[in-house]
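Q: Take a look at this one; I'll ask things after.
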Amino acid sequence: MTQSLKVGDQLHGFTLTDSQFIHDANAHVHTFNHPQSGGQVVWVENDDQNRTFGIGFKTPPKDSTGVAHIVEHSVLSGSRKYPAKDPFMTMLKTSMSTFLNAMTFSDMTIYPVSSMNEEDFHHLTDVYLDAVFFPRMTSEENIFRQEGWHKELFDKDDDLIYNGVVYNEMRGAYSDAERIIMQDVIANLHPESTYAHESGGYPYDIPNLTWENFKQFHTDLYRPDNALAYLYGDIDIDRALAQIDGDFFSEFKASGKTVDYDLPAVKPGTTEYVGYYDADERKTVETDSYLVYGMPAGNSADIANNYVANLMSEALIETEAAPIRQALIAAGLSEEVEALGSDGYFVDFGFVLKQFNPANKEKALEVIQETLVEQANKGINRDLLEAVINTREFAARQAGGAMKGITYEIQMTMSWRYGVDVTEALNFSKYFDDLRAKLDTDFYENWIKENLLDPSTKLIAVYQPKVGLFDEKDKALAEALASEKAAMSDQEMADLIATNEALRTYQDTPDTEEARASLPKLALSDVPRKTALIPEETLAANHGVVVRFHEQDASGIRYVQLAYQIDHLPVEDLPYVNYVAVLAGLLNTSNMTYEQMDIETMKTTSGIIMRPKTFVKEFATNQYVPTIFASFAAIGDNSQRGFELLQDTQKNTDFSDKARILNILQRTKSNMSQGYENSGHTVAISRLRAKYSQASKYAETISGLGFYDHLADLIEHFDERGDEFTARVEAVNAKLWDPRQLTVFLTADAEDKTILLDQVNAFVDGANTVDNIDATSIHFDLPGHGHEAILTNGNVQYVSVGGQVDPKTFNGKAMIIGSILSKDYLHENIRAKGGAYGAGISITSSGDITTYSYRDPNVDKTVDVYQAMPDFLADSHLTQEDLDQLIIGSMSAFHAPLAPANVNSLLSTRYFKGLTHEMVDESLSEALDTKLSDLVAYKETIQEALDADNLVVFGNKQKIEASNQTFDIKRSL
5 MTQSLKVGDQ
15 LHGFTLTDSQ
25 FIHDANAHVH
35 TFNHPQSGGQ
45 VVWVENDDQN
55 RTFGIGFKTP
65 PKDSTGVAHI
75 VEHSVLSGSR
85 KYPAKDPFMT
95 MLKTSMSTFL
105 NAMTFSDMTI
115 YPVSSMNEED
125 FHHLTDVYLD
135 AVFFPRMTSE
145 ENIFRQEGWH
155 KELFDKDDDL
165 IYNGVVYNEM
175 RGAYSDAERI
185 IMQDVIANLH
195 PESTYAHESG
205 GYPYDIPNLT
215 WENFKQFHTD
225 LYRPDNALAY
235 LYGDIDIDRA
245 LAQIDGDFFS
255 EFKASGKTVD
265 YDLPAVKPGT
275 TEYVGYYDAD
285 ERKTVETDSY
295 LVYGMPAGNS
305 ADIANNYVAN
315 LMSEALIETE
325 AAPIRQALIA
335 AGLSEEVEAL
345 GSDGYFVDFG
355 FVLKQFNPAN
365 KEKALEVIQE
375 TLVEQANKGI
385 NRDLLEAVIN
395 TREFAARQAG
405 GAMKGITYEI
415 QMTMSWRYGV
425 DVTEALNFSK
435 YFDDLRAKLD
445 TDFYENWIKE
455 NLLDPSTKLI
465 AVYQPKVGLF
475 DEKDKALAEA
485 LASEKAAMSD
495 QEMADLIATN
505 EALRTYQDTP
515 DTEEARASLP
525 KLALSDVPRK
535 TALIPEETLA
545 ANHGVVVRFH
555 EQDASGIRYV
565 QLAYQIDHLP
575 VEDLPYVNYV
585 AVLAGLLNTS
595 NMTYEQMDIE
605 TMKTTSGIIM
615 RPKTFVKEFA
625 TNQYVPTIFA
635 SFAAIGDNSQ
645 RGFELLQDTQ
655 KNTDFSDKAR
665 ILNILQRTKS
675 NMSQGYENSG
685 HTVAISRLRA
695 KYSQASKYAE
705 TISGLGFYDH
715 LADLIEHFDE
725 RGDEFTARVE
735 AVNAKLWDPR
745 QLTVFLTADA
755 EDKTILLDQV
765 NAFVDGANTV
775 DNIDATSIHF
785 DLPGHGHEAI
795 LTNGNVQYVS
805 VGGQVDPKTF
815 NGKAMIIGSI
825 LSKDYLHENI
835 RAKGGAYGAG
845 ISITSSGDIT
855 TYSYRDPNVD
865 KTVDVYQAMP
875 DFLADSHLTQ
885 EDLDQLIIGS
895 MSAFHAPLAP
905 ANVNSLLSTR
915 YFKGLTHEMV
925 DESLSEALDT
935 KLSDLVAYKE
945 TIQEALDADN
955 LVVFGNKQKI
965 EASNQTFDIK
975 RSL
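Per our numbering, the very first residue in the sequence shown carries number 5; after that it's consecutive.
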């Protein structure tokens, strides 16, 4: 199509206004305007079969009621052409989408979809366009109540509460202290701006949103002249533009109005205050406060300055060699230092000190200032700057891998919202070239002097932990709602109960046949019955090392993954395997300092990552392969340096610097804790499986909550155990890297195969061997079942039940049944009706069947829903036609886009699990042949897993203790 397109061409109401080849994206980018509606379409044209459509709107909030976020959820709940209650979930259940979602940013909202099936791509495009422009939410208030918030009361004796999907999602989001702090910092740096408001919704403000304001927000902002539509990949542009114009853009007239952001000029002066975040009783002001020192440093419309600010944040603050990080940690002023950041118009530069004692505020500010002055006067390490430039450019070239179309949409919409040419988002080479050219000047030192040394506007804030902060708010809210209920007349109470019953009736009422038939469908025959065969060649390296080479069009990037089996280690060594991974590359070696290692790694690779992984064999309950992986990617001959740096780390790491080790361990604990708070369902699943599975207990010990407990205890007693620890971790490190335990996975261009094999040979020739690599039998004494509560001060719960069944019950049909339970039954009952942000079930080839809920306001109700899964399978009310559509919607497990960066990971997993390409195809055939009778038959298997009587709940202490569940174990994180 490119050859026939020229600027000025008119197609279906659109005029081509710009067309150019963007070398960095290896794509032609075409921009089309739609004069009648004022709409715009940008097409990134290439041969990628993973086609993407998206549409984005400027959605600046005027308050923190979360209207932008709630509208994002609600437009996907039925529309003019597709009046089903939940077209989003229906398409998720029945399409071959590779990506289907929507995202609310601080000042914009986007709706991206991707599919490798061309017909499916157009189906999804139509559903999304109709959803955003003609949603049912403006006439059906129950959508607002379900997705946003409502007052819930079903019986006059019940407590009056708030419920709703976004309401509970944001209660979960605000369990994260750093989410609270960063939003508050931006609001104080830029008061009265768009960014002073929480676009996602502050939980205690969300109930202030009215249905009228909700509808008006959509009317005002969801129109073509406030939108950027986006196309990516190998697309029939004539068909796509006809589709966008036909039922959508052609129905609008350009309003002539602009959507503006509130961007008041930054006022000079110093803002200084003390703020608070919610914490439990283990947090103290002296050890767990935050210090934030921030200042404005430009705006996002100035792209060149944006690149500079990001470079300086990473070079001065974020990297291990960053001088400000080093100075603050060396002075004992903070365990961790991070850069301030945002996704909005304002570019802010700042320092976030964690685990901070407020008594040290002045000293910390003094150290920051002195270090900035030193860097400005003596000069920033050019090797460090060059290394950061290289690693950022590497990431830009990767651009999301197989989901490049989604990444490009986000980047281009971010440029468009501020009036920047959208092609600039993809034209990154010139900016990195400019950064490199400035290395030979004093530009960076002058940038520090002009922006950081004496800023006219600055913020200095200390955030202290406050035990029960949200408990106090919730108590006040409960009292206010109780008072409101007490003041209701009998009629008012009856009306409210009727409103809730109407909502429940709306949720329980199935779509009409007409509504269901309105949604576009593929046929089961449209699904390929074979999966893509990934080229794989087995090569022999020195010392008997097996190399698995995967030829891909990798654009000169070489992907290296080394997997060492560790089945020779005794159980007492297991936590130390993860300590080795955590410390790798962060300590001095006999050849270089850790700063030099950090710089050299960034200059030549994407980063060297180590982590333990435990693979359970296919169709086996307790046969597993424990490993530790080391991975990196490099452009061209830099792969040689990657191997050298990895071997230096393996052979020559100096474990004697106890102070540095303690700091790394403290940071690791903090990061793990924060990760658990944000993803409590992963903890719940891991703990549940570890009650009955030897393999899961092994993984839990080496890298799960068992490791976290070991880490917390070690940190608490590090003064007396430090010497013992350093000796032990050094000894375990010496056991890990024997080439006889090694399998190598390589993905690269064909011409790089011989070079990489030579590099592998040199690497293994230089490796040390271990005296004994005989496998050691490890057997854990497991309870077999149990109930466990992990108590936090978070605002929501993550609930998991399940057990282990005969793995021979697993096949492709089980995968379909799991998908149906997740996307249909659990979504309907735990998210739509229960108000949780999400729920699902995992059914594995090792016989594990485990459920999970995510940001869930409930405990008992969720457990009840789980217990009724067999009843649903026995009487799902599905037809075979319904089931066939659900099968199609499960095909992303077999037919997913794959980027070169992901090949090693996929095929190494299959290798260690014993999963062949033929077995994958067999599962696909089984999945495609699933019948209604298979659902009914599988209810017994689900019941068996439920009868194992395992329950783990991670979440709010008060909610868990008020539940009807009994627990053998109650513990804090």
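Cβ atoms here follow ideal geometry from the backbone N, Cα and C, with glycine treated the same way.
No experiment lies behind these values; they were computed from the predicted model shown.
#1: I'd like the list of long-range same chain contacts for Asp571, defined as Cβ closer than 8 Å, with 5 residues on each side in sequence excluded.
#2: Do Asn546 and Asn772 have their beta-carbon atoms positioned less than 7 Å apart in this structure?
#3: Express the C-alpha separation of Arg744 and Gly548 in angstroms, rounding to a whole number.
#4: Only counting the same chain, and skipping five residues up and downstream in sequence, which positions put a Cβ closer than 6 Å to that of Ala29?
#5: From Ile452 to Leu376, what does the alpha carbon distance come to, in whole angstroms?
#6: Let me see if you follow: with CB-CB separation under 7 Å, is Ala585 close to chain B or not?
#7: Measuring straight from C-alpha to C-alpha, what distance separates Arg671 and Gly404?
#8: Taking Trp215 as part of the alpha helix (DSSP H), name the residues at either end of that continuous run.
#9: Can you tell which of Lys739, Met492, Ala752 has the C-alpha that lies nearest to the C-alpha of Glu539?
#10: Starting from Gln24, trace the beta strand (DSSP E) both ways and give me its first and last residue.
#11: Measure the Cβ-Cβ separation of Gln24 and Asp238 and say whether it is below 7 Å.
#12: Which residue's Cα is closest to the Cα of Phe360: Lys382, Ala400, Lys287?
#13: Counting along the chain, where does the alpha helix (DSSP H) carrying Trp4 start and finish?
#14: Under the DSSP definition of a beta bridge, which residues are partnered with Glu792?
#15: Got a sec? Which residues, its chain only, sit under 6 Å from Ile147 by beta carbon, not counting five neighbours each side?
#16: Alpha carbon to alpha carbon, how far is Ala897 from Val551? Give it in angstroms, no decimals.
#17: Under 8 Å, with one C-beta from each stretch per pair, do the region 524-543 and the region 903-921 reach the 3-pair mark?
#18: Can you tell me where the alpha helix (DSSP H) holding Leu430 begins and where it ends?
#19: Using the beta-carbon count (16 or more within 10 Å), is His783 buried or exposed?
#20: For Phe474, which of helix, strand or coil comes out of DSSP?
#21: Kindly confirm or deny that the region 293-303 and the region 357-372 touch, where touching means at least three C-beta pairs closer than 8 Å.
#22: Please determine if the region 790-803 and the region 955-967 are in contact, where contact requires at least 3 C-beta pairs separated by less than 8 Å.
#23: Out of curiosity, what's the CA-to-CA distance linking Glu517 and Met120?
#24: Taking Asp661 as the reference, give the member of Gln644, Thr593, Ile190, Gly646 with the closest Cα.
#25: I need the straight-line Cα distance from Asp180 to Gln678, nearest angstrom please.
#26: Would you tell me roughly how many angstroms separate the C-alpha atoms of Asp124 and Thr94, rounded to the nearest one?
#27: Pick out whichever of Pro268, Arg520, His126 has its Cα sitting closest to the Cα of His194.
#28: Is Phe158 helix, strand or coil by DSSP?
#29: Work out the CA separation of Glu255 and His16 for me, nearest whole Å.
#30: Near Lys812, what residues of its chain come up, given a Cβ to Cβ distance below 7 Å and the 5 sequence neighbours on each side ignored?
#31: Please classify Ser119: does DSSP put it in a helix, a strand, or coil?
#32: For the candidate residues Tyr281, Glu505, Ser338, whose alpha-carbon lies nearest to that of Glu182?
#33: Helix, strand or coil for Asn667 per DSSP?
#34: If you follow the beta strand (DSSP E) that Pro300 is in, where does it begin and where does it stop?
#35: Whole angstroms is fine: what's the gap from Gln569's alpha carbon to Leu746's?
#36: Do Ala567 and Phe633 come within 7 Å of each other at the CB atom, strictly closer than that value?
A: Reading from the atomic positions:
#1: As a first step, residue 571 must be located in the sequence shown, where it is residue number 567. If we look at Asp571 and ignore the five residues flanking it on each side, its Cβ neighbours are Val629, Pro630, Ala779, Thr780.
#2: If you number the sequence shown from 1, residue 772 lands on position 768. If you number the sequence shown from 1, residue 546 lands on position 542. Cβ atoms of Asn772 and Asn546: not closer than 7 Å.
#3: On the sequence shown, residue 548 is found 544 positions in, with the first residue counted as 1. On the sequence shown, residue 744 is found 740 positions in, with the first residue counted as 1. Cα to Cα, Gly548 sits roughly 7 Å from Arg744.
#4: If you number the sequence shown from 1, residue 29 lands on position 25. Closer than 6 Å at Cβ, skipping near neighbours: Leu430.
#5: Taking the first residue of the sequence shown as position 1, residue 452 is located at position 448. Taking the first residue of the sequence shown as position 1, residue 376 is located at position 372. Rounded to the nearest angstrom, the gap between the Cα atoms of Ile452 and Leu376 is 7 Å.
#6: Although the question refers to chain B, the structure presented lacks it and comprises just one protein chain.
#7: Numbered from 1 along the sequence shown, position 667 holds the residue referred to as residue 671. Numbered from 1 along the sequence shown, position 400 holds the residue referred to as residue 404. Straight-line Cα distance between these residues: approximately 27 Å.
#8: Taking the sequence shown and counting its residues from 1, the one referred to as residue 215 is at position 211. In the DSSP assignment, Trp215 falls within the unbroken alpha helix (DSSP H) covering 215-225.
#9: The residue you call residue 539 lines up with position 535 of the sequence shown. Note that residue 539 is Pro in the sequence shown here, rather than Glu. The option with the nearest alpha carbon to Pro539 is Ala752.
#10: One-based indexing of the sequence shown puts residue 24 at position 20. Here the beta strand (DSSP E) through Gln24 covers 18-26.
#11: By 1-based counting over the sequence shown, the position of residue 24 is 20. By 1-based counting over the sequence shown, the position of residue 238 is 234. It is not a contact, given that the beta carbons lie outside the stated cut-off.
#12: By one-based count along the sequence shown, residue 360 stands at place 356. A check of alpha carbon separations from Phe360 across Lys382, Ala400, Lys287 identifies Lys287 as the nearest.
#13: Examination of residue 4 is not possible in this model, given that the chain is present from 5 through 977 alone.
#14: Within the sequence shown, the letter at position 788 stands for residue 792. BP columns for Glu792 point to Val956, Ile973.
#15: Position 143 of the sequence shown, counted from the first residue, corresponds to residue 147. Taken in chain order, the residues that qualify are Ser78, Ser81, Met141.
#16: Residue numbering aside, residue 551 sits at position 547 when the sequence shown is read from its first letter. Residue numbering aside, residue 897 sits at position 893 when the sequence shown is read from its first letter. Spanning the two alpha carbons is a distance of roughly 27 Å.
#17: yes
#18: Here the question's residue 430 lines up with position 426 in the sequence shown. First-last for Leu430: undefined, no H or E at that position.
#19: Along the sequence shown, read from residue 1 onward, the residue named residue 783 stands at position 779. So His783 ends up on the exposed side.
#20: Taking the sequence shown and counting its residues from 1, one reaches residue 474 at position 470. Of the three classes helix, strand and coil, the one that applies to Phe474 here is helix, per DSSP.
#21: yes
#22: The region 790-803 makes contact with the region 955-967, as at least three CB pairs between them are under 8 Å.
#23: On the sequence shown, position 513 is the one that residue 517 refers to. On the sequence shown, position 116 is the one that residue 120 refers to. Roughly 28 Å separates the two Cα atoms.
#24: The residue given as residue 661 occupies position 657 in the sequence shown. The shortest Cα separation from Asp661 among Gln644, Thr593, Ile190, Gly646 belongs to Thr593.
#25: Position 176 of the sequence shown holds residue 180. Position 674 of the sequence shown holds residue 678. Asp180 and Gln678: Cα-Cα distance of roughly 7 Å.
#26: For the purposes of this step, residue 124 is identified with residue 120 of the sequence shown, where counting begins at 1. For the purposes of this step, residue 94 is identified with residue 90 of the sequence shown, where counting begins at 1. When rounded, the distance between both Cα atoms is 13 Å.
#27: To locate residue 194, count along the sequence shown from 1; it is residue 190. Minimum Cα distance to His194 is reached at Pro268.
#28: Taking the sequence shown and counting its residues from 1, the one referred to as residue 158 is at position 154. Correct three-state label for Phe158: coil.
#29: Residue mapping note: residue 16 aligns to position 12 of the sequence shown, counting from 1. Residue mapping note: residue 255 aligns to position 251 of the sequence shown, counting from 1. Rounded to whole angstroms, His16 to Glu255 spans 13 Å at the Cα level.
#30: As a working note, residue 812 is residue 808 in the sequence shown. Closer than 7 Å at the Cβ level, and outside the excluded window around Lys812, lie Phe623.
#31: Position 115 of the sequence shown, counted from the first residue, corresponds to residue 119. If DSSP states are grouped into helix, strand and coil, Ser119 belongs with the strands.
#32: Working through the sequence shown from its first residue, we reach residue 182 at position 178. For Glu182, the nearest C-alpha among the options comes from Tyr281.
#33: Reading the sequence shown from its first residue, position 663 is the one you call residue 667. Of the three classes helix, strand and coil, the one that applies to Asn667 here is helix, per DSSP.
#34: On the sequence shown, residue 300 is found 296 positions in, with the first residue counted as 1. Where Pro300 is concerned, the enclosing beta strand (DSSP E) stretches over 293-303.
#35: The sequence position of residue 569 within the sequence shown is 565, counting from 1. The sequence position of residue 746 within the sequence shown is 742, counting from 1. Taking the straight line from one Cα to the other gives about 7 Å.
#36: Residue 633 sits at position 629 when you count from the first residue of the sequence shown. Residue 567 sits at position 563 when you count from the first residue of the sequence shown. Yes, the pair counts as a contact, with Cβ atoms nearer than the cut-off.
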